[in-house]
Amino acid sequence: MKQDSNTIWTLGSGNWCINSEQGYVLESFLDSGKLTERNRVLFEQLYRSYLDQNSGKIFPPEFKYHPETGKPLKRTQGFNANDVWIAPYGQSVFIENQNRKDNGLQYSRELKTLKNKIQTADEKAQTEIPFSFSGSMEFFSICVGTDIPQLIALNKNNGDLYLLIEASNTWEKLDAISSLLDGCPKEWQDYWGIESYYDVIQKKHILLLPTNHGLAELSINGKDLKYSINYYGSGKCLGKPIYWNNHIYVPISHNDKVKIWNHNDKSYIDLSGENFIQYFYSVVFDNRNLIWLSPQGKCSLSLDIDKKVSAKFERWLPNYQPDFNFGSPFMDKEGDFYQLFWKILNIDGESQNHRVYIRLNSENLIEKMIGSPRFTTGSAAYIFKEKISSRKNKVNIWSDEQNTDHTLRFIPLMEDQDSNKDMVLGICFKKGSETIERILSDVKHEISFFIETPDIEPHHFFSGLYSDSIKKSRFFYHHNHLYFYHPEESKLQGWEVEA
């Protein structure tokens, strides 16, 4: 609305004064009276004003065209509105009536190669962002009230939220409008995951977070550095929420039993079969089945021919124990899911352990013997340095081992969900001859980071000494940069990527 008496434009971005030399000048932001330097920096980060390239004059972000000439205005700094990162693997937000494409596996929406193709593992990162928070962190590049993604850090231990102030490379802690965000149950923090959707009107990504007090719907207002929370379901979340067949489901403890919370209908689904409190470390799904996995058994949702959902729990057989240390369950070329298990046999009075893969979406026991485990993200799988399976070749994970010198061991952490790209991002243990047990232990190991694409040698671009690097390492993208986080570091490491 134009207020002629004061030559002020009151817009959603703030109050603007018309200046003959500079064009439009921001007078106030957030109804805070006189504009402070802190608010000016935050404003420019959230909005990135429009610029007339001929005159150099600034226009409010609501002005996409010059009010006199009608010519398009340019942003003072470019960005890609589609470069959104939803932790932990960068899946895109769900769209109504369109199921996710990751099947619960460690698929990323779009992995990218580094811009500097000759970056070596011995070189420092191109950029660093210091931090002082401690705990188990996850990172998001999301919209928080404008169309420019902002970097948000979440502490899964206590629910603290931070927004990166890019001009100073510092973190601003967000305040709660009312309820505080609770932490994620510590029993399955390493296997954490969320759902999200985009509110077009508010220009916000709404996050659905599993917490100790139910499923939390989180909305962040970047302008005033605050967030709001609504809780749903009256119990501790026991696994990650999943958008499946146009509904969001999450296992929750309710009256000392496991129930499935249907977030769309705001109702519980009872489990048939045995029922006791347990924590689900992994989940897979297709169009007909949604399966959460715990050390004790599997909780399955099934869709019948009338599209009615039923839920049941089944214990693992007594001599089978799942092993969740090697990444996601494996999906074969037929779309069936397999989980790695220890099969415990008693032979001549002695207990012997063998590794097998068991099919999850089957009423009958179907197992595949294997000599040694493979690290996998769902379709990509590695034996030491050799990539034995990918989205393209679909070799079964239990295939015979190939000849290898055992000098390196590759651990994939994410793979691109686009089979044509067939790209993997992960970590590499420098001393591949070490035992798997030692690699999975808490001792420090020298590792490097790698990106692998078809027909090109893996690109190793950073190295360091870390403990528990498989579960604690996090990669994410923000504003055309790939970043790495580990709780033993005091800064994020970053590299520019191909646009």
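Numbering (my numbering), first residue to last: 1079 to 1577. Glycine is no exception: its CB is placed at the ideal position from the N, C-alpha and C atoms.
Q) Terminal residues of the continuous alpha helix (DSSP H) containing residue 1117? A) 1115-1125 is the extent of the alpha helix (DSSP H) around residue 1117.
Q) Which residues mark the beginning and the end of the beta strand (DSSP E) in which residue 1475 is found? A) Careful: residue 1475 lies outside any beta strand (DSSP E) and carries neither H nor E.
Q: Go ahead and label residue 1203 buried or exposed: buried means 16 or more other beta carbons lie within 10 angstroms of its beta carbon, across all protein chains shown.
A: By the neighbour-count criterion, in which 16 or more other beta carbons inside 10 Å mark a residue as buried, residue 1203 falls on the buried side.
Q: Out of 1161, 1432, 1284, point me to the one whose CA is closest to residue 1558's CA.
A: Closest by alpha carbon: 1161.
Q: Could you say if the region 1192-1200 and the region 1211-1226 meet the contact criterion of at least three C-beta pairs nearer than 8 angstroms?
A: Segments in contact, no.
Q. CA-CA distance, residue 1408 and residue 1347?
A. Within the model, the alpha-carbon separation for residue 1408 versus residue 1347 is close to 28 angstroms.
Q) How many angstroms separate the CA atom of residue 1102 from the CA atom of residue 1555? A) Take the alpha-carbon of residue 1102 and the one of residue 1555: they are about 33 angstroms apart.
Q. By Cβ distance below 7 angstroms, which residues in the same chain neighbour residue 1375 in space, the five residues on each side in sequence not counted?
A. Taken in chain order, the residues that qualify are 1391, 1392, 1393, 1394.
**Q.** First and last residue of the uninterrupted beta strand (DSSP E) at residue 1552
**A.** Start and end: 1552-1556.
Q.
Looking at the secondary structure, which residues open and close the beta strand (DSSP E) in which residue 1187 lies?
A. Residue 1187 -> no beta strand (DSSP E), and no H or E assigned at all.
Q) Which two residues bound the contiguous beta strand (DSSP E) that contains residue 1096? A) It spans 1092-1097 - the beta strand (DSSP E) in which residue 1096 sits, taken as one unbroken run.
Q | Three-state secondary structure assigned by DSSP to residue 1591 | A | For residue 1591 there is no data in the structure shown, the boundaries of the chain being 1079 and 1577.
Q: Give the single residue among 1248, 1154, 1241 whose Cα lies nearest to the Cα of residue 1569.
A: Residue 1569 has its Cα closest to that of 1248, out of 1248, 1154, 1241.
Q | Own chain residues within Cβ distance below 6 angstroms of residue 1498, not counting five before or after | A | Here the set comprises nothing.
Q: Could you check the C-alpha separation between residue 1365 and residue 1289 for me, to the nearest Å?
A: In this model, residue 1365 and residue 1289 are separated by some 27 angstroms (Cα to Cα).
(Q) Quick check for students: name the residue ranges of the beta strand (DSSP E) that lie wholly in the region 1354-1415, counting only runs of 3 or more. (A) Secondary structure within the region 1354-1415: the beta strand (DSSP E) runs of 3 or more consecutive residues, fully enclosed, are 1360-1363, 1367-1371, 1375-1381, 1387-1393, 1398-1400 (chain order).
Q) Can you tell me whether DSSP reads residue 1330 as helix, strand or coil? A) Here residue 1330 sits in strand by DSSP.
Q) Would a C-beta distance cut-off of 8 angstroms place residue 1285 and residue 1274 closer than the cut-off? A) Yes, they are a contact pair.
Q: Would you please state the rounded distance, in angstroms, between the beta carbons of residue 1241 and residue 1252? I believe it to be under 8 angstroms.
A: In this structure residue 1241 is in contact with residue 1252, their Cβ atoms being roughly 6 angstroms apart against a cut-off of 8 angstroms.
Q. Could you give the C-beta distance for residue 1128 and residue 1141, rounded to a whole number, given that I count them as a contact under 8 angstroms?
A. Taking 8 angstroms as the upper bound for CB-CB distance, residue 1128 and residue 1141 are in contact here, some 6 angstroms apart.
Q: Could you tell me whether the region 1451-1458 touches the region 1129-1148, using the rule of 3 or more Cβ pairs below 8 angstroms?
A: By the Cβ rule, the region 1451-1458 does not count as touching the region 1129-1148, because fewer than three pairs are nearer than 8 angstroms.
Q: Please classify residue 1574: does DSSP put it in a helix, a strand, or coil?
A: Strand at residue 1574.
Q. Does the distance from the CB of residue 1355 to the CB of residue 1382 come in under 8 angstroms?
A. No, the pair does not count as a contact, with Cβ atoms beyond the cut-off.
(Q) According to DSSP, is residue 1548 part of a helix, a strand, or is it coil? (A) In the three-state reduction of the DSSP assignment, residue 1548 falls in the helix class.
Q) Which value, in whole angstroms, describes the spacing of the CA atoms of residue 1134 and residue 1282? A) Cα to Cα, the separation comes out at about 30 angstroms.
**Q.** When 1457, 1552, 1235 are compared against residue 1183, the one with the closest alpha-carbon
**A.** Ranking the options by Cα distance to residue 1183, first place goes to 1457.
Q | Contacting residues, own chain, Cβ-Cβ under 8 angstroms from residue 1213 (five flanking each side not counted) | A | If we look at residue 1213 and ignore the five residues flanking it on each side, its Cβ neighbours are 1233, 1234, 1235, 1236, 1238, 1565.
Q: Identify whether residue 1167 lies in helix, strand or coil by the three-state DSSP scheme.
A: Reduced to three states, the DSSP call for residue 1167 is coil.
**Q.** Distance CB(residue 1502)-CB(residue 1493) smaller than 8 angstroms
**A.** Yes; because the gap between Cβ atoms is below 8 angstroms, this pair is in contact.
**Q.** Contacting residues, own chain, Cβ-Cβ under 6 angstroms from residue 1089 (five flanking each side not counted)
**A.** Closer than 6 angstroms at Cβ, skipping near neighbours: 1138, 1140.
Q. Using a Cβ-Cβ cut-off of 8 angstroms (strictly less than) and excluding sequence neighbours within five positions of residue 1097, which residues of its own chain qualify?
A. So the qualifying residues of the chain are 1103.
(Q) Rounded to whole angstroms, what is the Cα-Cα separation between residue 1228 and residue 1378? (A) Going by the C-alpha atoms only, they are around 36 angstroms apart.
Q: Only counting runs of 4 or more residues, tell me where the alpha helix (DSSP H) segments fall wholly within the region 1477-1535, in order along the chain.
A: Whole alpha helix (DSSP H) segments, 4+ residues: 1514-1517.
Q.
The beta strand (DSSP E) that contains residue 1105, what's its start and end?
A. For residue 1105, the enclosing beta strand (DSSP E) covers residues 1101-1106.
Q) What span of residues does the beta strand (DSSP E) with residue 1155 cover, start to end? A) Premise fails: residue 1155 is in no beta strand (DSSP E) and is neither H nor E.
Q | Option nearest residue 1487 by Cα separation, candidates 1525, 1367, 1474 | A | The option with the nearest alpha carbon to residue 1487 is 1525.
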